[in-house]
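Colleague:
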Amino acid sequence: MCREDLNYTCLQFNQCGPLSVLSGTTIANDNTKIRNSSTVGLNSPFGIDIFGTNSDSIIIADLGNNRIVGLWDADTNYKNISVVATEWAPGQPLFFPYDVYVNARNGCDIYVTNYGSPQVVLYSNMQTINPLPSMVAGLGYGGPGLDRLNIPFGVVVDSNKNVIVASMEDNRIMFWPLNALNGTIIVGHISAISGNTAMDLDSPQGIALDEHNSWLYVADSNNHRIQRYNLNDTWPCNGTTVAGGNGPGSRSNQLSSPSYIKISNKTGALYIVDSRNHRIQRWNQGATEGVTIAGDINGNPGSNETMLSYPTGLAINHNETFMYVTDQSNNRVQRFELI
1 MCREDLNYTC LQFNQCGPLS VLSGTTIAND NTKIRNSSTV GLNSPFGIDI FGTNSDSIII
61 ADLGNNRIVG LWDADTNYKN ISVVATEWAP GQPLFFPYDV YVNARNGCDI YVTNYGSPQV
121 VLYSNMQTIN PLPSMVAGLG YGGPGLDRLN IPFGVVVDSN KNVIVASMED NRIMFWPLNA
181 LNGTIIVGHI SAISGNTAMD LDSPQGIALD EHNSWLYVAD SNNHRIQRYN LNDTWPCNGT
241 TVAGGNGPGS RSNQLSSPSY IKISNKTGAL YIVDSRNHRI QRWNQGATEG VTIAGDINGN
301 PGSNETMLSY PTGLAINHNE TFMYVTDQSN NRVQRFELI
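Counting in full-length UniProt numbering, the sequence shown runs from 1 upward without gaps.
#1: Helix or strand or just coil, what does DSSP make of SER275?
#2: At the level of alpha carbons, what is the spacing between VAL218 and SER275?
#3: Would you call TYR271 buried or exposed, if buried means 16 or more other Cβ atoms sit within 10 Å of its Cβ?
#4: For MET257, count neighbouring Cβ atoms within 10 angstroms of its own Cβ and tell me buried if that reaches 16, exposed if not.
#5: Are PHE51 and VAL102 touching if we call contact CB-CB under 9 Å?
#6: On a CA-only basis, which of GLU320, PRO144 and THR326 is nearest LEU338? Give me that one, please.
#7: Assuming TRP176 is part of the beta strand (DSSP E), what are its boundary residues?
#8: Within 8 Å: the Cβ of THR25 and any heavy atom of the ligand HEM?
#9: Candidates TYR111, LEU181 and ASN171: which alpha carbon is nearest GLY188's?
#10: Quick one: grab the DSSP three-state call for ILE169.
#11: Would you please state the rounded distance, in angstroms, between the beta carbons of LEU122 and PHE96? I believe it to be under 8 Å.
#12: Please determine if the region 203 to 213 and the region 247 to 255 are in contact, where contact requires at least 3 C-beta pairs separated by less than 8 Å.
#13: Within the 9 Å Cβ cut-off, does ASN171 reach chain D?
#14: Using alpha carbons as the reference points, say which of ASN162, PHE153 and SER167 lies closest to PHE46.
#15: So the beta strand (DSSP E) SER134 belongs to, where does it begin and stop?
#16: Quick check on DSSP: helix, strand or coil for GLU289?
#17: On the DSSP bridge list, what partners appear for TYR101?
#18: Give the secondary structure of GLN92 by DSSP, where H, G and I count as helix, E and B as strand, and everything else as coil.
#19: To which residues of the same chain is ASN232 closer than 7 Å at the C-beta, ignoring the five residues directly before and after it?
#20: Ends of the beta strand (DSSP E) at GLU337?
#21: Would you list the residues sitting across from GLN281 in a DSSP beta bridge?
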């Protein structure tokens, strides 16, 4: 118990000491009925994003079902769930869409990285059923050329609608100006080689943009680290390791195949999907280790309300009161109340 002889104020908790992991609530899974779809439920959900300042709405890359799904309005407990998109071009179905990014500053557009094309596809006005898609990065053919992507994964968009995308198989991060045919390498090499130095990546996945500070964060998956880049530096940039980088493992200073990152707008802390450790790590700025806030601290998979199994994506709502995780192998989306 907290000591009563000292002038301490204990908030929210009845005991002092380390916090336990959060308990999640399932808001969608493989049994969820989805409007305007004959396919029931989620199948290997991957990327996730959120929008709305008063009531959270969520967009999910339902990878195994080759579609984008919307969970509308937290006030209704997400009873309104529908398919948003199924095609990357008219008559061309999505194939393994990995990530989604919602640009609420420009009419709530949705950007999707599609493995099968491979490219970044834009759906303008995402609340329209099957909106007309357009290509904004990549020619639709894989390869190391500057006009192409090779397994596009994480994607973000800046305030000028320029696209930044992780080309996972090319081991690099690309910057695609609005309406451009070719991209520019921010991180990595024209030869697409992998490596583990400050200038290298190995299978980058999720990315996060702190545009105010001109920082780009990359989940350098096969190097088991999070790299930070100053976008004001000369491109290609050298990175600084800000989380992990101590080999794969489940110790508090380690990560194992991180797949996704979000930045706290309040504290600058990183929320990291530590995928092969089946957990979510919160890593404060300047810290040498992270804290497990969801999943098993020792890196074991599970399916109860405190456990995860190969989580892939993460979103945090505007007020930073809730965290949403795509729990891939459990075919569900979990909501955790942040404390």
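Each residue gets a CB set at the ideal place from its N, CA and C atoms; glycine is no exception.
Quantities reported herein were computed from a predicted structural model and do not represent experimental measurements.
Modeller: According to the structure data:
#1: As a working mapping, residue 275 is identified with position 275 in the sequence shown. Residue state, collapsed to three classes: helix.
#2: The count along the sequence shown starts at 1 and reaches residue 218 at position 218. The count along the sequence shown starts at 1 and reaches residue 275 at position 275. Answer to the nearest angstrom: the Cα atoms are 14 Å apart.
#3: Taking the sequence shown and counting its residues from 1, one reaches residue 271 at position 271. With 16 or more Cβ atoms within 10 Å of its Cβ, TYR271 is classed as buried.
#4: One-based indexing of the sequence shown puts residue 257 at position 257. The question names Met, yet the displayed sequence has Ser at residue 257. For SER257, the number of other beta carbons within 10 angstroms of its own is at least 16, and it is reported as buried.
#5: Start at 1 with the first residue of the sequence shown, and residue 51 comes out as number 51. Start at 1 with the first residue of the sequence shown, and residue 102 comes out as number 102. The criterion of a C-beta distance shorter than 9 Å is satisfied by PHE51 and VAL102.
#6: Translated into positions along the sequence shown, residue 338 becomes position 338. If we check each option's Cα against that of LEU338, GLU320 comes out closest.
#7: The count along the sequence shown starts at 1 and reaches residue 176 at position 176. That run of the beta strand (DSSP E) goes 172 to 176.
#8: With respect to the ligand HEM, the structure shown offers nothing to examine, as it has no ligands at all.
#9: Along the sequence shown, one-based indexing puts residue 188 at 188. When each option's Cα is compared against that of GLY188, the closest is ASN171.
#10: As a position in the sequence shown, residue 169 is number 169, starting the count at 1. First, the amino acid is wrong: residue 169 is Glu here, not Ile. GLU169 falls in the helix class under three-state DSSP.
#11: Stepping through the sequence shown from its first residue, residue 122 is reached at position 122. Stepping through the sequence shown from its first residue, residue 96 is reached at position 96. Between LEU122 and PHE96, the beta carbon gap of about 18 Å keeps them out of contact (Cβ cut-off 8 Å).
#12: Here the region 203 to 213 does not lie against the region 247 to 255, with fewer than 3 beta-carbon pairs under 8 Å apart.
#13: Protein chains in the displayed structure number just one, and chain D is not present.
#14: Position 46 of the sequence shown holds residue 46. Ranking the options by Cα distance to PHE46, first place goes to PHE153.
#15: In the sequence shown, the residue the question calls residue 134 occupies position 134. In this chain, the beta strand (DSSP E) harbouring SER134 covers 133 to 137.
#16: Taking the sequence shown and counting its residues from 1, one reaches residue 289 at position 289. Looking at GLU289 - three-state DSSP - the assignment turns out to be coil, as it is neither helix nor strand.
#17: Here residue 101 is taken as the residue at index 101 of the sequence shown, counted from 1. DSSP lists TYR111 as the beta-bridge partner residues of TYR101.
#18: By 1-based counting over the sequence shown, the position of residue 92 is 92. The answer is strand: DSSP assigns GLN92 an E or B state.
#19: Reading the sequence shown from its first residue, position 232 is the one you call residue 232. Answer for ASN232: SER214, listed in chain order.
#20: For this step, residue 337 is matched to residue 337 along the sequence shown. Membership of GLU337 in the beta strand (DSSP E) is indicated by the continuous run 332 to 337.
#21: Residue mapping note: residue 281 aligns to position 281 of the sequence shown, counting from 1. BP columns for GLN281 point to ILE272 and THR292.
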